[in-house]
Amino acid sequence: MSIITQQDSDSLKEFIQIHNNFIIIGHKEPDGDCISACLGLASILDYYKKPYKLISAGPFKRQEIKKYESKFTDKIEFMDSEERNHTGLLITDCSEISRLGDIDFDFKGLDTFIIDHHKTSGLSENAKGYINGEAPAAAFLVQLFYEALIGPLPKELAEIIFFGICTDTGFFRFLTSSNEAAEVFNASARLNSYGADPRTTYNDINNGKPWNTRKLLGLLLSRAERHLNGKLIITYETLEDTHKLGTEGRDSDALYQLLLSTKDVEAAVFLRQDTPTTCTGGFRSLDKVDVSIIASKFGGGGHKNASGMSCEGKIDTLIPSIVKEFARII
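The sequence shown begins at 69 in our numbering and counts up by one.
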């Protein structure tokens, strides 16, 4: 994995120095990594005494990030052309404007710097930034930028960044025997030395789930079906399920972990009917299957072993199409 160079850190520093104001934003439906990376960038701007707004379209569905919701807003005041010329847009944990969600603001044309780690991402035209598809978390990259530009992280920030890394690595269980894993463990060890507490972080991520999420988890497990000789499992959530059990405090990580621990299973899919005509889907896999290929067929993307999508369609028609695409690679 190519870790950030002096040129990379200098590029971010220059971007910060030439702008007067900043917008920091990550993808819609934020997770712990997205929130942590945004807060890490905010701390870098604090060091350089640069004003900023933390923006998120939300919703903050996950229980473990609820405490950070008050730091963000989905409102951006109108800017005239001069203000726009002096405003820098910092995007993290995604690279596409379309992934930012429903924000009443025109981001196009703003000078942009992107820090992302998704395999299917790329720098858009005229955007600056750093994208490393081998990095397991955006928060990990933000940590490296902070250390390169400023030095050791203060305790509170170390806790936040460690939380983000643990979120996207499944508390390190998604890492393999590689230079990538060694770099992440080294960085995490530094966070521990700065004051991050692994036990507290684990409890923050895994405990305190609402009771209705346990009921939903049981429902999704009972509805799961195997395909392709048991190599693929698909389950789904209907509009009626959502209305009955709500959207707060979802625990999709536990669902995927249970599905993927099944004998012979190589990939798992969770579909949710968001509206009568649109669905979102999550794709997870074990070592060999690249689910980003499947997600891209439905307008999504992500990582080899963890991707997502949002598309037009209904569950009963999407499932056969998804099985057909998996049949090409499993």
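Backbone N, C-alpha and C define an ideal beta-carbon position, used for all residues, glycine too.
Note that this is a predicted model, so its numbers are computed, not measured.
Next item on the list: Tell me whether H154 is buried or exposed, calling it buried when 16 or more other Cβ atoms sit within 10 Å of its Cβ.
Entry: exposed
Check: Is it true that the region 255–263 meets the region 365–374, where meeting means three or more beta-carbon pairs spaced less than 8 Å apart?
Finding: no
Checklist line | Inter-residue spacing [alpha-carbon to alpha-carbon] between H309 and L288 | finding: The question names His, but residue 309 in the sequence shown is Asp. Roughly 10 Å between the two C-alpha positions.
Note to self: I believe G156 touches H87 by the beta-carbon criterion, under 8 Å. Please report the beta-carbon distance rounded to the nearest angstrom.
What the structure shows: 4 Å
Margin query: Assuming the contact rule is C-beta atoms closer than 8 Å, A206 and D101 should be a hit. Round their C-beta distance to whole Å, please.
Written below: 5 Å
Next item on the list: Please list, in chain order, all residues of the same chain as N297 whose beta carbon is under 8 Å from its beta carbon, the five residues on each side excluded.
Entry: D332
Check: Terminal residues of the continuous alpha helix (DSSP H) containing Q131?
Finding: Counting along the chain, Q131 falls outside any alpha helix (DSSP H), and DSSP gives it neither H nor E.
Notebook entry, point to check: So what does DSSP say about G286, is it helix, strand or coil?
Noted result: helix
Checklist line | Ordered list of alpha helix (DSSP H) runs contained in the region 269–330, each at least 4 residues | finding: 279–291, 307–313 and 320–328
Notebook entry, point to check: Taking DSSP as the reference, what is the three-state secondary structure of D76?
Noted result: helix
Note to self: Out of A292, L285 and T235, which one is the CA nearest neighbour of N271?
What the structure shows: T235
Notebook entry, point to check: If you follow the beta strand (DSSP E) that K196 is part of, which residue opens it and which one closes it?
Noted result: K196 to I199
Checklist line | Same chain only: Cβ atoms within 6 Å of K121, ignoring 5 sequence neighbours per side | finding: I91
Notebook entry, point to check: Is T160 closer than 8 Å to A105 when the C-beta atoms are compared?
Noted result: yes
Checklist line | Endpoints, the beta strand (DSSP E) within which T343 is located | finding: A335 to T343
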